[in-house]
Structures are given as C-alpha cells and as structure tokens.
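These notes concern the structure reproduced below.
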Amino acid sequence: MSEVPSELKYTSDHEWLRVEDDGNVVVGVTDHAQAALGELVFVELPESGSEVAQGDACAVVESVKAASDVYAPVTGEILGVNEDLADTPEKVNQDPYGDGWLFRMRLVDPDVLGELLDAEAYQALLDELD
Numbered sequence: 002m003s004e005v006p007s008e009l010k011y012t013s014d015h016e017w018l019r020v021e022d023d024g025n026v027v028v029g030v031t032d033h034a035q036a037a038l039g040e041l042v043f044v045e046l047p048e049s050g051s052e053v054a055q056g057d058a059c060a061v062v063e064s065v066k067a068a069s070d071v072y073a074p075v076t077g078e079i080l081g082v083n084e085d086l087a088d089t090p091e092k093v094n095q096d097p098y099g100d101g102w103l104f105r106m107r108l109v110d111p112d113v114l115g116e117l118l119d120a121e122a123y124q125a126l127l128d129e130l131d
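Quick note, in our numbering, the sequence shown goes up one by one and the last residue is 131.
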C-alpha cells in the first residue's frame, strides 16, 4: 500500500505539494508514482526562474521501465530544483516525500490549493486504481 502523508496536497496525476512556512510550495511525485515507475535513472527538472501554468508538463522522470512527465500542480515561478537528483535520481524512490522532492515554486494564487486533493481523496483515487 502506498504511503499518503496527510499534510500534503495531491493531484490526480500523482504529484504531491507541500506548502512551506513562507507560502512557497515544494513539489514531488507520490510514493505510488515512484513505485509504478520503478527504479529512476534520470530526472529532468525545470529551470529556476521559469514560469509554469497549472497542468503544464514541467519535468520528466525516467526509470528503467518508462519516462513520465511531471505536471505543475499550481501556477507559479520555479524558485529552485533538487540539484542532488542529477547524480542520485534514486532518492525519489527511496524518499519521495523527503530527499526526493523535485522543485520549489512561488505560488501565484493560494486559492487553487483548495482544488487539489487532500490525502483522503487521493487515497480514494488509489483505491479505485487497485
């Protein structure tokens, strides 16, 4: 069973989002997504300073099985990326909600957070997939 931390927000495309104390957000792929992909061998992250719209493909994670787009869960500016993943993409597999985060964003519209799935709704989505 996939881990679904209750303090995070989720998308139906299996991204997670954590709101930081400064109002910015950290984004990654869920435990379910990394498990489905298998061992990651490469992560292509967006450029810092770039603007992304909610739903835009903005990163790519590649595994031994497949490559998958990562979509921006909200509209905003990319503030930074997890540089460690260039040399150790497997961190996404080992710790998807911690050291395996992908990028940080400045959120344009905090109201959009209400449109994302909470842990209970995301778990229900996973249950439907099983």
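C-beta: ideal position from N, C-alpha, C; glycine also.
Reduced DSSP category for residue i - H, G, I as helix; E, B as strand; rest coil
{"i": "A67", "result": "coil"}
{"i": "Y123", "result": "helix"}
{"i": "V93", "result": "helix"}
{"i": "E4", "result": "coil"}
{"i": "E45", "result": "strand"}
{"i": "A73", "result": "coil"}
{"i": "L118", "result": "strand"}
For residue i, the nearest candidate out of the options (CA to CA)
{"i": "E4", "options": "K10, Q124, M106, D131", "result": "Q124"}
{"i": "V28", "options": "F43, A36, P47, G39", "result": "P47"}
{"i": "E84", "options": "S51, A67, P97, V44", "result": "V44"}
{"i": "G93", "options": "S7, L18, D32", "result": "According to the sequence as given, residue 93 is Val; it is not Gly. For the residues S7, L18, D32, the minimum Cα distance to V93 belongs to D32."}
{"i": "D57", "options": "L41, E91, N25, D14", "result": "D14"}
{"i": "I79", "options": "V62, E63, A54", "result": "A54"}
{"i": "L126", "options": "P6, Y11, S7", "result": "Y11"}
{"i": "T49", "options": "R19, S69, G81", "result": "It is Ser, not Thr, that sits at residue 49 in the sequence shown. Among R19, S69, G81, the Cα nearest to that of S49 belongs to G81."}
Counted within 10 angstroms of its Cβ, other Cβ atoms place residue i as buried (16 or more) or exposed
{"i": "Q95", "result": "exposed"}
{"i": "F104", "result": "buried"}
{"i": "E65", "result": "Per the sequence shown, the amino acid found at residue 65 is Val instead of Glu. It counts as exposed."}
{"i": "G101", "result": "buried"}
{"i": "L86", "result": "buried"}
{"i": "L130", "result": "exposed"}
{"i": "A60", "result": "buried"}
{"i": "E40", "result": "exposed"}
{"i": "E16", "result": "buried"}
Identity of the residues DSSP links to residue i by a beta bridge
{"i": "E52", "result": "E78"}
{"i": "E17", "result": "Correcting the residue type first, residue 17 is Trp in the shown sequence and not Glu. W17 pairs with Y11, G29."}
{"i": "Y98", "result": "The partner list for Y98 (beta bridge, DSSP) is empty, contrary to what the question assumes."}
{"i": "A60", "result": "V71"}
> Are the region 106 to 113 and the region 32 to 41 touching, with three or more C-beta to C-beta distances below 8 Å?
Replying inline: no
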